[in-house]
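So the protein lines, in turn, are chains A and B.
The C-terminal residue of the first sequence carries number 210 in our numbering, and the numbering is unbroken.
The C-terminal residue of the second sequence carries number 1210 in our numbering, and the numbering is unbroken.
No residue lacks a Cβ here, since even glycine has one placed at the ideal position from N, Cα and C.
Quick caveat: nothing in here was measured; it's all calculated off a predicted structure.
Number of protein chains: 2
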Amino acid sequence: MRKGETRSARKTCQILQAASVTFLSKGYDGTSMDEVAAKASVSKQTVYKHFADKETLFNEVVRSTATQANDVIESVTTLLADAEFVEGNLRQLARRLTTMLMNEELLKLRRLIIANADRMPQLGRNWYKDGFERMLDTMASCFERLTNRGLMKATDPHIAASHFFGMLLWIPMNEAMFTGNSNPLSKAKLDRHADASVEAFLAAYGIKPR
Amino acid sequence: MRKGETRSARKTCQILQAASVTFLSKGYDGTSMDEVAAKASVSKQTVYKHFADKETLFNEVVRSTATQANDVIESVTTLLADAEFVEGNLRQLARRLTTMLMNEELLKLRRLIIANADRMPQLGRNWYKDGFERMLDTMASCFERLTNRGLMKATDPHIAASHFFGMLLWIPMNEAMFTGNSNPLSKAKLDRHADASVEAFLAAYGIKPR
């Protein structure tokens, strides 16, 4: 990468970070390109050079957050797919996933996307595709590999993945969505819920008889 | 009930219906008490006589919608709790629940509550308590009774209820939340998903060996 390109990439990154902080604290309507420029310590022209308008900028914040989240999920599922003992590893993965997905910033962004879904349908569709569905696909590949290795019984790995996430997150995610970030569940409570969900999930999809 | 009371109750009902339609089409900020009054064909003073302010009115819309939804759920779970054959009845219940909860108006209200959760924490907490948790409790009582009758194995009926809802709704509810009401899932697709979820749920919590 040439020096100019490195500088440009660094600026893009700076702007995205500043935009993310601003959108999350002020909402979509409350955020101005001026404020993002000031927070990123660049000129307003620079912001517009990298992102055509506010909606494009918000879309890019969403896309890059989804990509980051998926990278983590891919790395933990790769470990599980090659593991010898499913139960303990799946429990560990479930706890890590919960902690990661119940992150305060991620929850705020999620709420912001839902709030604007009717007004900016493309935004929500992007998050659904790049975030939600890619996560399901990653998990499904992992369950497929474990099934092929004889360590799980998931005839429809994609449905199994949705059941896994649903069992794990139905309570904590809804509680977070509805009650805001005012009273987050404790790590201990989330861990206990993750363990109970893995137990029931493996009763349905594991190979050991119940 | 005296004649004056009947009239007052009817007005409350009229105002709530008008408010619900207005909030859902214009959002919280876009709704004015004037517009609600006009749509309900009452004076603005009458609206304020029944509801102190816009936030109170919105809270009541949320509360009454939650109550209506729960009444339906209670009636269908009562049937299941006394049924002889769990599988077919649970499948029927799952399909009915999905159809009911994926109703366009209900989804819009849900999105509106999430959008305002950080700004009006009490609103989201009310919905979580009167809507989300009451639904879980109703389902949990049903699973407890079926377990006591020897037709299910749910040692923790509350967790089992959250797993049931999570398996059933993780995909359709998130898709609806993120992609708006622009492209709803077909009834046939929702039914197939409900059937697959009941099958996996009973593999974990049913009494028949897999």
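{"Item": "Cβ pair count under 8 Å reaching 3, the segment 1067-1082 of chain B against the segment 1156-1165 of chain B", "Value": "no"}
{"Item": "Distance CB(A:K54)-CB(A:M33) smaller than 8 Å", "Value": "yes"}
{"Item": "The alpha helix (DSSP H) enclosing B:A1038, as first and last residue numbers", "Value": "M1033 to A1040"}
{"Item": "Segment contact flag, the segment 1190-1199 of chain B with the segment 1093-1103 of chain B, C-beta cutoff 8 Å, min 3 pairs", "Value": "yes"}
{"Item": "Within chain A, the residues that B:L1169 reaches when beta carbons sit closer than 8 Å", "Value": "G166 and W170"}
{"Item": "Cut-off 8 Å between Cβ atoms - residues of its own chain near B:A1117, not counting five sequence neighbours on either side", "Value": "L1123 and G1124"}
{"Item": "C-beta neighbour in chain B for A:Y48, strict 8 Å", "Value": "no"}
{"Item": "Secondary structure of A:F51, DSSP reduced to three states", "Value": "coil"}
{"Item": "Residue-level contact to chain A via CB, B:I1073, 8 Å cutoff", "Value": "no"}
{"Item": "Distance, B:I1207 Cα to B:L1093 Cα", "Value": "18 Å"}
{"Item": "Nonlocal neighbours in the same chain, by C-beta distance under 7 Å from B:W1127, ignoring five residues either side", "Value": "V1062, A1066 and I1113"}
{"Item": "Inter-residue CB distance, A:P121 and B:G1180 (contact presumed, cutoff 8 Å)", "Value": "5 Å"}
{"Item": "Member of A:L16, A:A204, A:N59 and A:A40 whose CA lies at the smallest distance from the CA of A:D130", "Value": "A:N59"}
{"Item": "Nonlocal neighbours in the same chain, by C-beta distance under 8 Å from B:T1077, ignoring five residues either side", "Value": "L1093, T1138, M1139, S1141 and C1142"}
{"Item": "Contacts of B:M1177 in chain A (Cβ-Cβ under 7 Å)", "Value": "I114 and A117"}
{"Item": "Residues within the segment 121-142 of chain A neighbouring chain B, beta-carbon criterion of under 7 Å", "Value": "P121, G124, R125, W127, Y128 and F132"}
{"Item": "Whether A:A40 touches A:Q14 by CB criterion (8 Å)", "Value": "yes"}
{"Item": "CB-CB length for B:A1203 against A:A203, believed under 8 Å", "Value": "7 Å"}
{"Item": "Ranges of the alpha helix (DSSP H) found wholly within the segment 121-182 of chain A, counting only runs of at least 4", "Value": "121-127, 134-148 and 157-179"}
{"Item": "Under 8 Å between C-beta atoms of B:M1152 and B:V1047", "Value": "no"}
{"Item": "B:K1208, DSSP secondary structure in three states", "Value": "coil"}
{"Item": "Closer than 8 Å to chain A by CB, B:I1207", "Value": "no"}
{"Item": "A:M102 (DSSP reduced to helix, strand or coil)", "Value": "coil"}
{"Item": "Proximity test, Cβ basis, 8 Å: B:G1180 and chain A", "Value": "yes"}
{"Item": "Beta-carbon proximity of B:L999 to B:L1024, cut-off 8 Å", "Value": "Because chain B spans 1001 through 1210 in this model, residue 999 of chain B falls outside it and cannot be assessed."}
{"Item": "Interface residues of the segment 1049-1063 of chain B facing chain A [CB-CB below 7 Å]", "Value": "none"}
{"Item": "8 Å Cβ cutoff met for B:R1111 and A:A115", "Value": "yes"}
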